[in-house]
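Only one structure is covered here, and it is reproduced in the block below.
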Amino acid sequence: MVVVVVGRAWRARARATGVGRWLPGSFRWAHQPNVAGWQLKVGLEIHAQIAAHSKIFSSAPVRFNAAPNTLVQPMDLALPGALPVLNKRCVEAAIRTALACGARLNHESFFDRKHYFYHDLPAGYQITQQRVPIAEEGTIAAGFEPEAPLVRLQRIQLEQDSGKSVHTHGATTLVDYNRAGAGLMEIVTEPDLTSSTAAMNFVRQLIHILTALEVNDGKLAEGSLRVDANVSAHCPARGIDGPRSEIKNINGMRFLKKAIDFEFARHVQLLEAGETLVRETRYYDAATKCATTIAMRSKEDDLDYRFMPDPDLPPLVLTEAEARQRLSQLDAPPQIAHVQKRLPELPRARVHRWVQDYGSYPMHLMCAEQSQLAPPSFPMLSQRSRPLGKLTHNSGS
Numbered sequence: 001m002v003v004v005v006v007g008r009a010w011r012a013r014a015r016a017t018g019v020g021r022w023l024p025g026s027f028r029w030a031h032q033p034n035v036a037g038w039q040l041k042v043g044l045e046i047h048a049q050i051a052a053h054s055k056i057f058s059s060a061p062v063r064f065n066a067a068p069n070t071l072v073q074p075m076d077l078a079l080p081g082a083l084p085v086l087n088k089r090c091v092e093a094a095i096r097t098a099l100a101c102g103a104r105l106n107h108e109s110f111f112d113r114k115h116y117f118y119h120d121l122p123a124g125y126q127i128t129q130q131r132v133p134i135a136e137e138g139t140i141a142a143g144f145e146p147e148a149p150l151v152r153l154q155r156i157q158l159e160q161d162s163g164k165s166v167h168t169h170g171a172t173t174l175v176d177y178n179r180a181g182a183g184l185m186e187i188v189t190e191p192d193l194t195s196s197t198a199a200m201n202f203v204r205q206l207i208h209i210l211t212a213l214e215v216n217d218g219k220l221a222e223g224s225l226r227v228d229a230n231v232s233a234h235c236p237a238r239g240i241d242g243p244r245s246e247i248k249n250i251n252g253m254r255f256l257k258k259a260i261d262f263e264f265a266r267h268v269q270l271l272e273a274g275e276t277l278v279r280e281t282r283y284y285d286a287a288t289k290c291a292t293t294i295a296m297r298s299k300e301d302d303l304d305y306r307f308m309p310d311p312d313l314p315p316l317v318l319t320e321a322e323a324r325q326r327l328s329q330l331d332a333p334p335q336i337a338h339v340q341k342r343l344p345e346l347p348r349a350r351v352h353r354w355v356q357d358y359g360s361y362p363m364h365l366m367c368a369e370q371s372q373l374a375p376p377s378f379p380m381l382s383q384r385s386r387p388l389g390k391l392t393h394n395s396g397s
């Protein structure tokens, strides 16, 4: 049974007696739900800002913490007559990421307009890749361990970022367009993750890959990597497949775990009580003492984005002969083979090589990799003695 209690007296009694737990937000549970027999399914949508000197469709620079509205060009503000010019660096970043994840590159992909009206989107639409993205499929291991589960990727697509809303203490909302038009890679996974810890490990592993490829700095706190989580609860023994909720505004590893755990508990509580769950988009409120998600809108009320091909951007062709002919906007079209030759050794492969070559303990090597220890120094000392290798990591971290 769902027990919804509102009021200061109950909150004070619950805190004093320890019977029940108050979770701020739209729900206040008197008891933590029993999740035994229930399975969690999580799929992630990661928006990684591409580490490029300029934006994806304009020459405006990209820099964190610049004075508001100082890094903008006519294209970023959707001024009349401004046309997009595709940034080669952003395309190469997507190719590098796809190759590192074993994804299938589409030799011809397309840009589309996703229409919606909001104050941080000057054009009234976002340029994205809805029909055919630059890459599909692929896998990423959710951890360094050999037995770490593989998480399937659904797609990798290029798109532009929106501006940033700044809410003041009053009723005023200001908009900073410095971020508008910055290049993004949206990396979408299949719902293969079965715990909040696995989701954290996956995001950590993805950050290691992106930083090793030098396509993203992995700084969640600065907003250069943002995560949305799709959460659902299932009970195979009773034939219950719950609908999914999409949680937005997750900008930290700790917040990701809290948001998923809270949402899973909320789903189980409602389904156990025979309540009807609806597909909805929810907002993670990190300002509260306890993790909570707040309803934004139901999926039935989702906007019709009216996707349409972008008439100002030709197909993105990755084969050399057609690229020179059809992509006049790229002075030197990206060549897949050339990008593949310049791929660095990936973090997980490096850890496994260190284990095989130097016989060091995997946990210490994982920590060394996560602390970004210089690759030559750790193996050199670890080869001489294992204790020295451990000591090197401890002193380096």
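Be aware that the sequence shown starts at 1, since it is given in UniProt numbering, and climbs by one per residue.
Even glycine gets a Cβ: it sits at the ideal position worked out from N, Cα and C.
Relative to the C-alpha of residue i, which residue among the options is closest?
i	options	result
residue 155	214, 225, 131 and 266	131
residue 350	144, 229, 247 and 338	144
residue 50	151, 65, 219 and 36	219
residue 224	36, 62, 57 and 58	62
residue 76	250, 285, 125 and 355	125
residue 84	228, 314, 195 and 271	314
residue 251	142, 287 and 339	287
residue 89	201, 182 and 271	182
residue 194	146, 228, 119 and 260	260
residue 186	148, 113 and 228	228
residue 91	318, 356 and 344	318
residue 56	200, 127 and 107	127
residue 199	36, 160, 237 and 141	141
residue 112	355, 310 and 356	310
residue 137	307, 226 and 190	190
residue 226	253, 338, 37 and 236	253
residue 52	244, 172 and 217	217
residue 66	171, 316 and 164	164
Residues bridged to residue i by DSSP?
i	result
residue 185	48 and 158
residue 292	285
residue 403	Any property of residue 403 remains undetermined from this structure, which presents the chain solely from 1 to 397.
residue 241	234
residue 125	115
residue 152	139
residue 253	None, per the DSSP bridge assignment.
residue 309	112
residue 247	229 and 282
residue 104	136
residue 173	167
residue 96	Answer is none; residue 96 lacks a bridge partner.
residue 61	54
residue 316	109
residue 297	281
Check this for me: beta carbons of residue i and residue j, under 9 angstroms apart or not?
i	j	result
residue 158	residue 129	yes
residue 79	residue 234	no
residue 54	residue 87	yes
residue 47	residue 210	no
residue 230	residue 42	yes
residue 232	residue 239	no
residue 93	residue 278	no
residue 213	residue 162	no
residue 44	residue 202	yes
residue 336	residue 95	yes
residue 197	residue 257	yes
residue 116	residue 305	yes
residue 208	residue 342	no
residue 37	residue 180	no
residue 146	residue 352	yes
With a threshold of 6 angstroms on Cβ separation, who are the neighbours of residue i within its own chain once the five nearest residues in sequence on each side are excluded?
i	result
residue 98	105, 135 and 156
residue 192	151 and 152
residue 276	none
residue 64	222
residue 123	78
residue 270	277
residue 188	45, 154 and 155
residue 267	233 and 242
residue 171	none
residue 316	109
residue 344	212
residue 255	286
Excluding the 5 residues preceding and the 5 following residue i in the sequence, name in chain order all residues of the same chain whose CB lies nearer than 7 angstroms to its CB.
i	result
residue 174	166 and 168
residue 68	176 and 178
residue 340	99
residue 114	125, 126, 128, 130, 305 and 307
residue 59	73
Quick one: residues in its chain with C-beta nearer than 8 angstroms to the C-beta of residue i, no 5 flanking neighbours on either side, listed in chain order?
i	result
residue 139	101, 102, 150, 151, 152 and 153
residue 312	83 and 84
residue 160	55, 56, 57, 126, 127, 128, 180, 181, 182, 183 and 184
Item to check | Segments assigned alpha helix (DSSP H), at least 4 residues, entirely inside the segment 177-230 | outcome: 196-213, all fully within the segment 177-230.
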